[in-house]
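So the structure is just underneath, and the comments pick up after that.
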Amino acid sequence: MKRLADILLSLAALLLLAACTDDADVYNTPASSEGNLCVYVPVTREGDEVTSSLDPSNPTYNASVDECKINDLHLYAFPVGGKGTLLSQELPSPEATNMLDEKVASYQLKIKPGTYRVYVVANMKDVLDVNSITTEGDLKKVVLGYTPELKPGMPVANNIPMIYEPATKAADGTATDGTITINNTDKTPKTVAANLRFTCVKVCLNLIYNPDDPDMNNALKSNGLQITDIIGKRLSPQTSLLWDGKFTNPDVSSKYATGIEPTLYDATAHTGNGAYYTSWTETPANANVNNKDIITVEGEGVANPVDKTKKWLFRATYYLPERYVAQASQQSALKVDGAVGGSAIANSYNINLGHRKDETSTTEVPTFPRGTYYEIVGRIKSLGNIDLDCVVGVKPWEMETIDADFTHTTLWVSKTSAEVKSLQDDYINYRTNADPASLKFECESKVNKTTLGDLEIIKVENDEVNKRLKFFINPALSVTDFGLKTEGDAKVSIKVNNLKKYLYVHYDVTPYFKVDPVDIVIQYDNKNTRELTKVVKFTTNLGGIKFPDGWSVLDSGHDVTYANSTINIKCKNTQLAKGTFTITAKTDPKTTTTHTFTVKSIGEDGTKKHIEQEIRVTVRPPVGPYRIYMRAINDLAWALNASTLEQFDHSEMLDEEAYNNSDKNNNWRDGWWVENGAVWGTDRSSHVAYHKVYIYTQKGETKSDGTKDENTAEWYFTGGWPGRSMTADDYNPGWYYYSIAHDAKSESNNGKGDANTTAEKTIKPGQTLLIFSNGTYTSEGYQPHRFTHHNDPGITLFNYEDREGWYLYDPLSDPYYRVYDKKPTIVDVEYTIYTKNKRITAWYCKYGVNSQDGKGQFEMKSDKPNVEKEFKCTECDKKDKDGNTWFKTILHLKAPLGEYDKILKLKVNGDEIHTELFGGENYPSTKMNGKRYVVEGSFDTDTKTWKKGAPF
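Each residue of the sequence shown is one higher than the one before, starting from 756 at the first, in the numbering used here.
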């Protein structure tokens, strides 16, 4: 089938006039030398739950959805009397883009003025492709072949050839030539309701074997029976695509009279259609009732009878060629072969196909016409080769047809779907030849509201002047009315006169509460008061915003004081779906201070919980001197000497603690306090004497062995190595800082190189260097509690606008130090590691420099996996799908929020396997354990590979 873009370039371009695309009106006004032809094709869809605009008293006749399936369509408009130009147009199969109604596809074609006879053919592409059709006569010559070498072959349920032929009778019963005239002056398109007809016959065969039948042959009753095969006898080898209206054919060829004998069912080869049932109901009165069968089976059919000697029903449906013959002996038949018991004794039963208009006549020739449904019920009671006495229901077999008045009203919409949210509407434009005020709307999708019953999910407003529809969530419904089903598709109908069109409106009322921004930074400057206030927006469908209990944010607002910093939070109206509140810094914080508070939705979500959002407000002091911050994490390994570390002490790792208005805080325990007699287990104080910064400028390089060229010049801003003590920032526990004027001059130099001629240097980002340490082992130079490490270049001074930078040291990370423009959030992380069949027995990390020659490294390690909740390896209580045992190990460490990668190595089963944690990747945190972030990964000890998450 051609692509739609190709069709648009063809002589007759496709237009969805009365249907559903955004560009459906491209050809609404044809060229002066052309006219419009609108063709409607009926469509049968699965699961229609509502009545369409088609007449409900005239539904599909005895046809399934599969049988009505349209895979390809071709339209022919043949000019009559030389008036017009042939239009041969391949059309897209019906789909959402060209549906006028749920059961009607619409096609509009540009066509030259003239008089035409219009045909529409379905599921015939393989036949039409090999025939050249330029005239109506050519189409009438097309035949349908039913032998393997011909096309299309025996019909199958989901690709049955169909055709619409011009009507020879008008709606009032008078004769008509079936023509349609197109003028270029037509104000509205000429329409064709292309009611397709099947070109073959449907046969539903029901064979009943019931040993309890009083007329049952005793041998057959005791031995049972199984159908072995079913042969078609004297089936038409080919038929014409167009039916000539005759039910008999007195002049048939010998080949046609003999017919073909295809095998329709073969039990041995397991080919063909047929199945056995043990339970069914039989309603003889349904023989003449439309869309109801005489036999209704129950349960699923099976390929072989459960017990050949017990009651069974064999059912098969076949699609056979129509047949019109000169005498009864030429009529089609079915030959049913069956085997008695387990023997090879065969019995044959003949079933003649077709019917007489007058069943009492003995001379009328039976006919087997297209578009007919035969339900055959035959009872097998005797042995031998006999004609089987059957009950036959004869009914019409047709697709749903389009009401004669259907095309009188037109309705075009710019799209067939819409999307709405709690605070977001959607719009669809429309055009109709009816009064816009007559449009009626109904949403068939409803939600139960306890006090009001079932309410429509979607409401529609009609702008009759601009012909524009507004779709929105029913304001009478709250988010809680939807429960947990907060998203879905609502079915909305638009009815105008006799036409009803359906639209699908996707709705999303997922509870939400959004605040932006949630991380606010205020640089305090009392000379620039406008910058002291920040505006925060909130949107929600849960009734508004709620601040912490006890806060009064209306009028003058609510003051919050933390350390030296006071901020004011003010909100004029908290009960808005879209609103704002302000945060104002009122005091100089002296040092960078972070306030945190939580806001939440007024209403609850479907789980009866308020949605919360934490707000972080960082207030920085006025821009002045450089404020250099540092902190060390994961460095809890005691130095036995300048080269050697004791084991990492998991038990001394304390969880993060916020400012508590005290000089005691968990965050101060970082492992750098190594004074004789130091006891980490009882200490929660800061130690400025063990946190030093060395600030200097150097011209000339330090060699890899630690030596320097004799002309290397150095200028010192904090005296000689290891520099000066830093200040503990009690309002940012764990962090130490050092302030130095932004234009500070060096205090001294080493008198070498350029220092002989340039006595002073001014502090300068990118040139001035920093080294942090705890001030121990100064003669050796190398030691574990310092960064940068021995022989590594110093860290360059940052160049941030507010002259404030944060240096974080973590010996278990790569790089081992990081620099931030704003204070990073340090969190406690539970690295939860799963290993298949084998335990983790230790971990270690090599880093830094522990020798003068720069070749050795420190080793931080832990080979005592017995610290509860800190380094504990336990067997999981369940196995994976393959039955493998898994072990779970938890390491408690610290990390900047979101930066969880570590370079530590794990030992699995002693020294058998060494692997880097998570393969060195930054696995995300997927859940919390209290205030700890949980990061999970699984290690397959067979393949030596990692994957995110748990193995279960």
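Think of the CB as a built atom: it goes at the ideal place given N, C-alpha and C, for glycine as much as any other residue. As the structure is a prediction and not an experimental result, all values here were calculated from the model.
Environment of residue i [buried if 16+ CB atoms lie within 10 Å]
{"i": "F1613", "result": "buried"}
{"i": "D881", "result": "exposed"}
{"i": "K1746", "result": "Limits of the chain in this structure are 756 at one end and 1707 at the other, which puts residue 1746 out of reach."}
{"i": "H1025", "result": "exposed"}
{"i": "L1224", "result": "buried"}
{"i": "H1350", "result": "buried"}
{"i": "D1310", "result": "exposed"}
{"i": "E1153", "result": "buried"}
{"i": "A1245", "result": "buried"}
{"i": "V1220", "result": "exposed"}
{"i": "D999", "result": "exposed"}
{"i": "D893", "result": "exposed"}
Residue i versus residue j - alpha carbon distance
{"i": "K726", "j": "E891", "result": "No answer is possible for residue 726: the residues shown for the chain start at 756 and end at 1707."}
{"i": "Q1082", "j": "K1112", "result": "15 angstroms"}
{"i": "E1174", "j": "K1255", "result": "21 angstroms"}
{"i": "T1587", "j": "D1438", "result": "28 angstroms"}
{"i": "C793", "j": "P847", "result": "14 angstroms"}
{"i": "K1682", "j": "N914", "result": "53 angstroms"}
{"i": "I918", "j": "D1181", "result": "40 angstroms"}
{"i": "G1625", "j": "K1649", "result": "Note that residue 1625 is Glu in the sequence shown here, rather than Gly. Their Cα atoms are separated by approximately 12 angstroms."}
{"i": "D1656", "j": "E1691", "result": "12 angstroms"}
{"i": "K1619", "j": "G1436", "result": "18 angstroms"}
{"i": "D1430", "j": "A1444", "result": "Checking the displayed sequence, the identity of residue 1430 turns out to be Glu instead of Asp. Each residue's alpha carbon lies about 10 angstroms from the other."}
{"i": "T1335", "j": "D1236", "result": "27 angstroms"}
{"i": "D1360", "j": "D1048", "result": "50 angstroms"}
{"i": "T1078", "j": "Q863", "result": "According to the sequence shown, residue 1078 is Arg rather than Thr. Roughly 36 angstroms between the two C-alpha positions."}
{"i": "G1675", "j": "V1315", "result": "42 angstroms"}
{"i": "A1094", "j": "A877", "result": "41 angstroms"}
{"i": "R1285", "j": "Q1278", "result": "11 angstroms"}
{"i": "K1364", "j": "P1266", "result": "10 angstroms"}
{"i": "K1201", "j": "T1127", "result": "41 angstroms"}
{"i": "L990", "j": "A1088", "result": "8 angstroms"}
{"i": "R1371", "j": "N1323", "result": "13 angstroms"}
{"i": "V1290", "j": "Q1179", "result": "23 angstroms"}
{"i": "A1387", "j": "I1212", "result": "56 angstroms"}
{"i": "S843", "j": "T943", "result": "22 angstroms"}
{"i": "Y831", "j": "Y1259", "result": "33 angstroms"}
{"i": "K1703", "j": "S1680", "result": "10 angstroms"}
{"i": "A1231", "j": "A1189", "result": "31 angstroms"}
{"i": "P1520", "j": "A1514", "result": "19 angstroms"}
{"i": "S1172", "j": "H1261", "result": "8 angstroms"}
{"i": "N1639", "j": "H1647", "result": "26 angstroms"}
Closest by C-alpha distance to residue i, when choosing among the options
{"i": "G858", "options": "D1360, Y1073, P849, S1103", "result": "In the sequence on display, residue 858 carries Lys and not Gly. For the residues D1360, Y1073, P849, S1103, the minimum Cα distance to K858 belongs to P849."}
{"i": "E1469", "options": "R1424, D1509, K1643", "result": "D1509"}
{"i": "R1375", "options": "I1357, T1347, T1467, L1391", "result": "T1347"}
{"i": "N1420", "options": "V1429, N1505, W1428, D1410", "result": "D1410"}
{"i": "G1096", "options": "L1661, L1138, Q1086", "result": "L1138"}
{"i": "T1051", "options": "N1105, M971, I963", "result": "I963"}
{"i": "I935", "options": "L1552, L975, P834", "result": "P834"}
{"i": "N1396", "options": "D1006, E1535, T1018", "result": "E1535"}
{"i": "M1481", "options": "K1458, D1547, Y1384", "result": "Y1384"}
{"i": "Y1020", "options": "C959, G1014, V1091", "result": "V1091"}
{"i": "E1119", "options": "S1084, I1106, D967, G987", "result": "S1084"}
Give, in chain order, every unbroken run of the beta strand (DSSP E) that is at least 3 residues long and sits entirely within the stretch 1227-1254. Correct list: 1242-1251.
On the three-pair Cβ rule with 8 angstroms, is the stretch 1233-1245 touching the stretch 1304-1311? Because the criterion of three Cβ pairs below 8 angstroms is not met, the stretch 1233-1245 and the stretch 1304-1311 do not touch.
Report the residue ranges of all beta strand (DSSP E) runs contained in full by the stretch 1085-1154; include only those spanning at least 3 residues, in chain order. The qualifying runs are 1088-1095, 1101-1107, 1127-1134, 1145-1151.
Is the stretch 1139-1158 close to the stretch 1036-1049, with three or more CB pairs under 8 angstroms? These segments touch.
Could you check whether the stretch 939-956 touches the stretch 862-877, counting it as contact only if at least three pairs of C-beta atoms, one from each stretch, sit closer than 8 angstroms? Counting C-beta pairs closer than 8 angstroms gives three or more between the stretch 939-956 and the stretch 862-877, which meets the contact rule.
Can you list the beta strand (DSSP E) stretches of 3 or more residues lying completely in the stretch 1645-1675, in chain order? If we require 3 residues or more, the beta strand (DSSP E) runs fully inside the stretch 1645-1675 come out as 1660-1663, 1668-1671.
Taking contact to mean at least 3 C-beta pairs separated by less than 8 angstroms, is the stretch 1549-1566 in contact with the stretch 1400-1408? Touching, no, given that fewer than three Cβ pairs across the two stretches are closer than 8 angstroms.
Is the stretch 1538-1545 touching the stretch 1485-1498, taking contact as three or more C-beta pairs under 8 angstroms? At 8 angstroms Cβ cutoff, the stretches do not touch.
Inside the stretch 952-993 only - alpha helix (DSSP H) runs reaching at least 4 residues: List check, alpha helix (DSSP H) in window: 973-978.
Can you list, in chain order, the stretches of the beta strand (DSSP E) that have 3 or more residues and sit fully within the stretch 1018-1058? For the stretch 1018-1058, whole beta strand (DSSP E) runs of length 3 or above, ordered along the chain, are 1018-1021, 1030-1032, 1035-1037, 1050-1052.
Which whole runs of the beta strand (DSSP E) in the stretch 1381-1447 are 3 residues long or more, in chain order? The beta strand (DSSP E) runs lying completely inside the stretch 1381-1447 and spanning 3 residues or more are 1381-1387, 1392-1394, 1400-1403, given in chain order.
Between the stretch 1550-1557 and the stretch 1519-1530, do three or more beta carbon pairs fall short of 8 angstroms? Three or more beta-carbon pairs drawn from the stretch 1550-1557 and the stretch 1519-1530 are found closer than 8 angstroms, and the two stretches are therefore classed as touching.
Looking at C-beta atoms only, is the number of pairs between the stretch 1661-1675 and the stretch 1688-1705 that lie closer than 8 angstroms three or more? Result yes; three or more Cβ-Cβ pairs closer than 8 angstroms.
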